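Here is the structure we will look at, set down as structure tokens.
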Amino acid sequence: MWTVVVGGGSGSRFGRPKQYEPLDGRRVIDVSRQVAESCSDGVVTVVPAEDAEREGGIAGGATRSASVRAGLAAVPVDADVICVHDAARPLATRAIYQRVVDAVVSGADAAIPAVPVTDTIKTLDRAVEPSDDLLGAVVSTPDRSRLVAVQTPQAFRASRLRAAHEREIDATDDAALVEVAGGHVVVVRGEPTNLKITEPDDLEWARRHLADRATGSER
1 MWTVVVGGGS
11 GSRFGRPKQY
21 EPLDGRRVID
31 VSRQVAESCS
41 DGVVTVVPAE
51 DAEREGGIAG
61 GATRSASVRA
71 GLAAVPVDAD
81 VICVHDAARP
91 LATRAIYQRV
101 VDAVVSGADA
111 AIPAVPVTDT
121 IKTLDRAVEP
131 SDDLLGAVVS
141 TPDRSRLVAV
151 QTPQAFRASR
161 LRAAHEREID
171 ATDDAALVEV
181 AGGHVVVVRG
191 EPTNLKITEP
201 DDLEWARRHL
211 ADRATGSER
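Okay, here's the thing in structure tokens:
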């Protein structure tokens, strides 16, 4: 099993490249990469093109999907299972990797970790022009019991993932590409602590979480 760790973003919402921010004496991307290395036969790390030589990684593309495709090209052709993991989720555990990989080995085309949605979700009318205060008009309220919030790492049968990316379609996660191609995607149990670092507050939470875990005061 090989893993592609995707850290090719510019960090526009964070304000700077978040993958290089310090975390637990390392950097966010290093934490994510080291966990992947501990449970993979090999790891390909995708970073912004200007950082590829310095980081010993692969140059990413203009979109997340383009960056994943660049990483896939560096994975050996004989890899049977490929995981894709966002570098911005440094708290992913070996147990999550094991769950998604086991599901693919058991027959799924793809396996994704997820946690239940606790908030009520509304679907908005795209025809309504948003403003500073008005986000839009409500179209519907999906059944919360059927919704989950998806995480990474996501595992794939290698042939299915490569075929899905050959269409060069962009998506917010790779499972969506396999879904569109008719693949069988299953959901396994994720972990609430597998937080995606999007804003500076998320990074501060991750630092506190790791500090608490190190001192045994984690709640």
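Going by the working numbering, 161 is the number at position 161 of the sequence shown; the sequence numbering is gapless.
Backbone N, C-alpha and C define an ideal beta-carbon position, used for all residues, glycine too.
These numbers were taken from a predicted model, which means no experiment stands behind them.
Checklist entry - Name the DSSP beta bridge partners of Ala111, please? => result Ala155 and Val186
Checklist entry - Who are the Cβ neighbours of Arg16 in its own chain at under 6 Å, not counting the five residues just before and after it? => result none
Checklist entry - Going by the CB atoms, is the gap between Asp109 and Val178 shorter than 8 Å? => result yes
Next on the checklist: Ile82 and Val185 - do their beta-carbons sit closer together than 8 Å?
Outcome noted: Result no, Cβ atoms of Val185 and Ile82 do not sit closer than 8 Å.
Next on the checklist: Just to confirm the assignment: which complete beta strand (DSSP E) runs, minimum length 3, are found wholly within the segment 68–95?
Outcome noted: 81–86
Checklist entry - Contact check, Ile96 vs Pro153 under 8 Å by CB: the rounded distance? => result 6 Å
Checklist entry - Would you call Ile29 buried or exposed, if buried means 16 or more other Cβ atoms sit within 10 Å of its Cβ? => result Buried.
Next on the checklist: Comparing C-alpha positions only, which one of Glu21, Gly42 and Ser65 sits nearest to Asp170?
Outcome noted: Out of Glu21, Gly42 and Ser65, Ser65 has the C-alpha closest to the C-alpha of Asp170.
Next on the checklist: For Pro142 and Arg54, I'd like the C-alpha separation in whole angstroms.
Outcome noted: 46 Å
Next on the checklist: Can you list, in chain order, the residues of its chain with a C-beta nearer than 7 Å to that of Arg99? Leave out the 5 residues immediately preceding and following it.
Outcome noted: Pro113, Val188 and Arg189
Next on the checklist: For Ala222, which residues in the same chain have their Cβ closer than 7 Å to its Cβ, ignoring the five residues on either side in sequence?
Outcome noted: No answer is possible for residue 222: it lies beyond the span of the chain, which begins at 1 and ends at 219.
Checklist entry - Nearest to Val68 by CA position, among Val180, Thr215, Phe156 and Gly216, is which residue? => result Phe156
Item to check | Residue span of the alpha helix (DSSP H) that contains Val138, given as start and end | outcome: Here Val138 belongs to no alpha helix (DSSP H); instead the beta strand (DSSP E) covers Val138 to Ser140.
Checklist entry - DSSP state of Val5, grouped into three classes? => result strand
Item to check | Beta carbon of Val222 nearer than 8 Å to that of Val117 | outcome: No answer is possible for residue 222: it lies beyond the span of the chain, which begins at 1 and ends at 219.
Next on the checklist: Comparing C-alpha positions only, which one of Arg89, Pro90, Arg208 and Val43 sits nearest to Gly71?
Outcome noted: Val43
Checklist entry - Start and end of the alpha helix (DSSP H) containing Ala52? => result Ala52 to Glu55
Checklist entry - Where do the ends of the beta strand (DSSP E) carrying Thr198 lie? => result Run containing Thr198: none; DSSP gives neither H nor E here.
Item to check | Proximal residues to Pro130 (C-beta, below 8 Å), its chain only, five neighbours per side dropped | outcome: Gly136
Next on the checklist: Run through the DSSP bridge pairs and tell me what Leu161 is partnered with.
Outcome noted: Bridge partners of Leu161: none, in fact.
Checklist entry - Relative to the C-alpha of Ile121, which residue among Val104, Asp132 and Ser145 is closest? => result Closest option to Ile121, Cα to Cα, is Ser145.
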